[in-house]
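In what follows, a structure is listed as structure tokens, so that the remarks can point back to it.
Numbering (the numbering used here), first residue to last: 38 to 196.
Here's what the structure looks like:
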């Protein structure tokens, strides 16, 4: 990103978008059997669009669960927090919280003024959590963010 737009980097780190867990072979087999049954039903009831839809769902789902997570660069600058190619400016951030307990351990939560997704979760990877906390506390307040059921599902499904 352009340093003029994001500001001067103070702390940076790299982290995967989520912790990768290899799919369970038994779970893949059960999913494949269920999809095959649904596709067979679609063919039997003469619903080719339904069959094609579930074939595509199966292919995309398999590709999604078997791919390795992408690694992003994150940084705190004098203007805000940068995640990938997005700058979250300090004036748009209400508060932050660093989770240290399951299910969201090792995640920086930013409460922004976004309407659709007001909480942004950034993995901290190998970044020093105490140094990150002190740095952010100089710009924005720290408030406890309670994980929602969506956050827990997001962590369990690795999305």
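Beta carbons: idealized from backbone N, C-alpha and C, even for Gly.
A quick note: this is a predicted structure, and the numbers were derived from the prediction, not measured.
Minimum C-alpha distance to residue i - residue among the options
i, options, result
"residue 125", "147, 109 and 140", "147"
"residue 103", "53, 157, 176 and 65", "65"
"residue 144", "96, 184, 128 and 174", "184"
"residue 119", "175, 163, 97 and 157", "157"
"residue 51", "60, 109 and 85", "109"
"residue 95", "107, 70 and 80", "70"
Helix, strand or coil at residue i according to DSSP, with G and I counted as helix
i, result
"residue 76", "helix"
"residue 106", "coil"
"residue 59", "coil"
"residue 82", "coil"
"residue 120", "strand"
"residue 69", "helix"
"residue 137", "coil"
"residue 153", "coil"
"residue 176", "coil"
Rounded Cβ spacing between residue i and residue j (contact assumed at less than 8 Å)
i, j, result
"residue 111", "residue 49", "7 Å"
"residue 130", "residue 149", "5 Å"
Backbone CA spacing between residue i and residue j [nearest angstrom]
i, j, result
"residue 87", "residue 77", "10 Å"
"residue 55", "residue 160", "7 Å"
"residue 93", "residue 134", "39 Å"
"residue 47", "residue 72", "49 Å"
"residue 170", "residue 132", "11 Å"
"residue 179", "residue 43", "22 Å"
"residue 100", "residue 115", "39 Å"
"residue 172", "residue 163", "16 Å"
"residue 182", "residue 68", "35 Å"
"residue 174", "residue 128", "14 Å"
"residue 166", "residue 141", "14 Å"
Residue i: CB within 7 Å of a non-hydrogen atom of the ligand GTP
i, result
"residue 156", "With respect to the ligand GTP, the structure shown offers nothing to examine, as it has no ligands at all."
Classification of residue i by the beta-carbon crowding that lies within 10 angstroms, buried from 16 upward
i, result
"residue 91", "buried"
"residue 117", "buried"
"residue 74", "exposed"
"residue 113", "buried"
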